[in-house]
Amino acid sequence: MGAVFGLPAQGGEADKSPTARAAVSGAGALAKTVDPTLAPDPAVRQGVLPNGLRYQLMSNAVPKGAVSIRLGVEVGSFEEADAERGVAHFIEHMAFRATRRYPDGAPDRVFAPWGVVFGRDQNAVTDLFSTSYMLDMPHPDDRQLETGLAWLRDVADGVVFTDEGVARERGVVLAEMETRGGPQVDARNAISRFQAPEVRSVERLPIGVRETLNAATPASLKRFYDAWYRPEHAVLTVVGDRPLDALEAMVKTAFADWTGRGSKPVRSKMSPPRAKRSPEGFVVAGESLPTAISACAMRPGVPPQADTVAFQRRETLSLVWQAILNDRLARRAAAADTHLLGALAMSPKSRELGTTCLVAMPVNAAWREALAEARAELNRFAQEGPTEIEVESAIEKQRSLVRGAYLGAASRTSPDLAGGLMAKALAGQVVRSPAASFYVFDHAVEDLSVEEVRAAFAEDWAGSGPLLSMTGVEPPTGEALLAAWNNAATTLASSAADARAASAVWGYRDFGRAGKVVERKTIDDPGFVRLRFANGLILNFKQTKAQPNKVEARVNFGAGRREIADQDHAIAQFAAPMLVTGGLRKNSFEEIQALFPVSGLWNFQFDFGAQSFFMRSSVFSDDLTTHLQILTAYVSDPGFRGTLDARMPTAVDMVYRTLLSQPPSALSQAMSLRLDPTGANSMPPQATMAAYRAADFDRVLRPALTTAPLEVTIAGDIDEAQAMQAVASTFGALPPRAATPRGRPDVHFVRYPAEAIEPVRVEHQGPADKAAATLIWPLYVATPERRSEEYAIKLLAAAFDTALRRRIREELGKTYAPVVSSFTPDHGDQGSLLVSIEAEPRDIALLAEEAERLAARFRNGEITEQMLDDARQPVLASAQARRETAGWWAEAMAGSARDPAILAEALQFEPLVNAVTVDDLKAAARTWLARPPIKGFAYPAAKTAQASTGAAR
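Residue numbers (the UniProt record's numbering): 1 to 953.
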């Protein structure tokens, strides 16, 4: 193996063997495996129309009755000339504004009554090399499906470019630029230009630049559109609950007569990075930027190629060394004496550029020490390579992903399938069945050796550089950064932590004598069983093959927010997501990762609501027992280890600087404090949060975890005897837990003032072209008895959302993604109907006024049957699709033994939503939009921090 960034390689002639070289090229794999040109998935019908349009069709009944369509055009921002930057994305926007058959605004209005939500079900994305349009239709009849294909045919050659339409959409595109931009985006772009200034894609970001977007005209957009939108540049994917012959006939009818206009354009040439470049340092300063360091090697990208066994083997080799090195870096960052907040190795690549990077985030200001620690791990891998055990574990991680796709093949949804087929087609790769992909993977990793992994590591790091970059409030000079990297050139990390992880023993196989079931009852509606164990544990169980080989697990316990003291609320919110990484008393999190390489075994969500704590997870059916061992360990013996204590101030500092730089976040915090001066439901002062320690997390969360009665829910592809046995040996074996009242009488939930208050105004530390507005209409404290009213408000919010988007985005062109939503938790915070808008500072007050005017119209009864139907159909479509999953059963049952309203809501949701009338919406608007909203605005600070850069060679 060659030297990595000047570190001498070890291993002598063995590293130059033909075997090592063959590992990197993939040639060795071809000699011992199947023909790499495996046949494509027979379930996918592929064809090419006489005009050159490629198509992929697949019958799939998940969800039932649904059809998903994708149109991909092989042109993106890479093909734009200097004066066209942003044009490909601009054209994508115009396709939703007006087409030949669907005039201004009609594409949205045509599909809304059929349950299609703009942005969710009807959307598009532009990247460097392609533009993809998506349309997901929940229950189309033939006429509706033909309409969907007709709109996409219009996208292909019938987009309308008028002066007025372009002017309006220009505002939307610029608003998107502002919404997606910010200091971190600017810093990332500056670093990319430093790393690869000669690479075309670096200067061809899809969003474009303001100058060319302002200069775009109907003629210039149409010129680019006519040149590139051609059938031979396109691929169409249709997946859904229809026979293949019927889908194929519709595709041919809609697209057979599409022809390109004018001469075929010439594609731009790739411009790889410089082959030889000396190490350099570069820094970007900014008040809201996190302190982060990267060291990157640059190399040419990888053009589209067939997904052969050899290709898979080479890709897997890169993934394996990254997984191993990242595990080592994680263990180093978890050490008591570390200067690392976190570190990561990655090796992304595109058609034009390949990059391999080591990224480190320091604790406090110890950037030199953090960089040295991260590089020491890189050096150790370069010199010593991985162990056999590490390689096997990393391969198993990758295998679990392929196995998951194989086991879940029968439950793949049409939107996911359509997107996956399109991605493969645009990448020039064969579409294999999950079974064939599993077969190919196993052949690709057969006999994969330590030497091959080391060879791949060396090749991935063999590019020019290293190019060092750093962001932060006050970063050092580029010269100092480079010097610190060079000073760590020969330091090797200790392998002691890796050895401890490799020798770890799982401490939670035995929880005692398996529990016994003392009661079993059947809940006829909707049809599941409820078991009670001798220790008081409740198990809700449903066997369903809706998603083969998959099981959903839920654990509910305690009183949630109601048992947390107000002064501890923020601690609980901060601690809950870190329960898993806090480990267990007998096993650290790093040991758990080493013991169970498949992350699905230990990865679960832990959180709390107004009335309970809960865990949510999803695993393969045959992994359920091991997974329940892990969940049981966390509710009986959580670790709350103090490995994060030293890093807490740095992590909190990053949180607050990010919060203050984002207008919506800064505004949310300011409004929370204004409406609730107690601070019980807002983020505490930075100094308070920075002082949090693992002992605080333990004090607040351990009582609920270890003493509250448990209700476990299992739903999925497993029989009752297996599920009962898995639960009996884990949760069922725990000591009994007393069912005592856990709620506190003094918990403070959010309550809005009855009287009007002055608008809240706050300054954010982000870009000068960003502002935000929030309007809140207070509702009531929700209870199950008011479900009908709650759903009327939900549909009112959806109708309001559509009307507001059409007014301030489509008609005025002043914002990108306004949102109207309702929030109605049972027995907790007072409900609210909330409007959120981001726009330029000069426009934000005007747009808030537009929202108030719309509210007044709704309040005055300007709501139609069409508006109600447009709001209701997407909600019902989502609910019906959800009912076809194990997740629906899990959520319907979870916690329902203690709170029957949970199950009742699951069963009544669709009937009650269907029962909402226009008069109900009018009544809700008249009642809850009557008072003036509580308003808040976030404007840029008077002196907006400007990023500065400095480079050194």
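Each residue gets a CB set at the ideal place from its N, CA and C atoms; glycine is no exception.
None of the values given here were measured: they were computed from a predicted structure.
Kindly give me the distance between the Cβ atoms of residue i and residue j, rounded to whole angstroms, as I take these residues to be in contact under 8 Å.
i	j	result
Glu-474	Ala-285	7 Å
Ile-91	Leu-221	6 Å
Lys-550	Ala-892	Contact doesn't hold; Cβ gap of about 16 Å is too wide.
Leu-796	Leu-921	5 Å
Leu-71	Leu-152	5 Å
Asn-556	Ser-636	Actually they are not in contact, since the Cβ atoms of Asn-556 and Ser-636 sit about 16 Å apart, beyond 8 Å.
residue 988	Thr-162	Residue 988 cannot be examined here, being either before or after the span of the chain that is shown, 1 to 953.
Ala-297	Pro-466	6 Å
Arg-761	Phe-937	5 Å
Ala-333	Leu-341	7 Å
CB-CB under 8 Å to residue i, same chain, minus the five flanking residues each way: which ones, in chain order?
i	result
Arg-859	Ala-925, Arg-926, Leu-929, Ala-930
Met-516	With the sequence shown as reference, residue 516 is identified as Lys, and Met is not the correct amino acid for it. Around Lys-516: Phe-533, Ala-534, Ala-728, Gly-732.
Ala-942	Glu-763
Val-450	Gly-385, Pro-386, Thr-387, Glu-388, Val-391
Arg-168	Arg-97, Glu-810, Glu-811, Leu-812, Gly-813
Output yes or no for whether 8 Å exceeds the beta carbon distance between residue i and residue j.
i	j	result
Val-453	Val-235	no
Ala-423	Ala-501	no
Pro-273	Ala-196	yes
Val-251	Leu-149	yes
Asp-241	Val-67	yes
Val-700	Asp-568	yes
Gln-873	Gly-115	yes
Val-918	Ile-844	no
Thr-713	Asn-540	yes
Val-160	Ala-112	no
Pro-362	Thr-291	yes
Thr-802	Leu-847	no
Phe-697	Gly-583	no
Ala-374	Ala-425	no
Might you give, ordered along the chain, the residues of its own chain that have their beta carbon closer than 7 Å to the beta carbon of residue i, omitting 5 neighbours on each side?
i	result
His-627	Ala-553, Leu-601, Ser-617, Val-619
Val-209	Arg-85, Gly-86
Arg-520	Val-529, Leu-531
Ala-879	Phe-909, Glu-910
Gln-184	Leu-289
Once the 5 residues before and after residue i are set aside, which same chain residues still bring their CB inside 6 Å of it?
i	result
Leu-7	Here the model assigns Leu-7 a pLDDT of 38, short of 50, so the residue's position is not dependable and the matter cannot be decided.
Val-125	Ser-132
Ala-345	Gln-322, Leu-325, Asn-326, Leu-358
Arg-429	Inspection of the sequence shows that residue 429 is occupied by Gln rather than by Arg. Hits under 6 Å: Asp-307.
Pro-753	none
Ala-31	Confidence is the limiting factor: at Ala-31 the pLDDT is only 32, short of 50, which leaves the residue's position unreliable and the question unanswerable from this model.
Pro-40	Val-430, Val-431
Arg-351	Gly-301, Pro-303
Val-747	Arg-562
Could you give the residue range of the beta strand (DSSP E) that holds residue i?
i	result
Ile-523	517-523
Ile-571	Looking at the DSSP string, Ile-571 is not in any beta strand (DSSP E); the run it does join, the alpha helix (DSSP H), is 569-575.
Ile-863	Premise fails: Ile-863 is in no beta strand (DSSP E) and is neither H nor E.
Ser-294	292-300
Gln-46	44-48
Val-67	67-73
Tell me where the alpha helix (DSSP H) around residue i begins and ends.
i	result
Leu-378	367-384
Met-422	414-426
His-443	434-444
Phe-909	901-915
Gly-478	478-487
Is residue i near the ligand SAM, with its Cβ less than 7 Å from a heavy atom?
i	result
Gly-527	This structure simply doesn't include the ligand SAM, nor any ligand for that matter.
For this session: Take every Cβ of the region 764-781, pair it with every Cβ of the region 656-676, and state whether three or more of those distances are shorter than 8 Å.
Result: Yes, they touch.
Exercise. For the 8 Å Cβ check, are there 3 or more pairs between the region 777-792 and the region 581-600?
Worked result: These segments do not touch.
For this session: Report yes or no: do the region 173-191 and the region 830-848 share at least 3 C-beta pairs separated by less than 8 Å?
Result: Flag = yes, the region 173-191 and the region 830-848 touch.
Problem set entry | Three CB pairs or more closer than 8 Å across the region 783-795 and the region 693-708 | Taking a cut-off of 8 Å for Cβ pairs, the region 783-795 and the region 693-708 do not touch, as fewer than three such pairs fall below it.
Exercise. Within the chosen definition, does the region 637-647 reach the region 681-688 through at least 3 CB pairs nearer than 8 Å?
Worked result: Look at the beta carbons and you see the region 637-647 not touching the region 681-688: under three pairs across the two are nearer than 8 Å.
Exercise. Taking one C-beta from the region 489-499 and one from the region 398-418 each time, how about it: are there three or more such pairs within less than 8 Å?
Worked result: Three or more beta-carbon pairs separated by less than 8 Å are not found between the region 489-499 and the region 398-418, which leaves the two stretches without contact.
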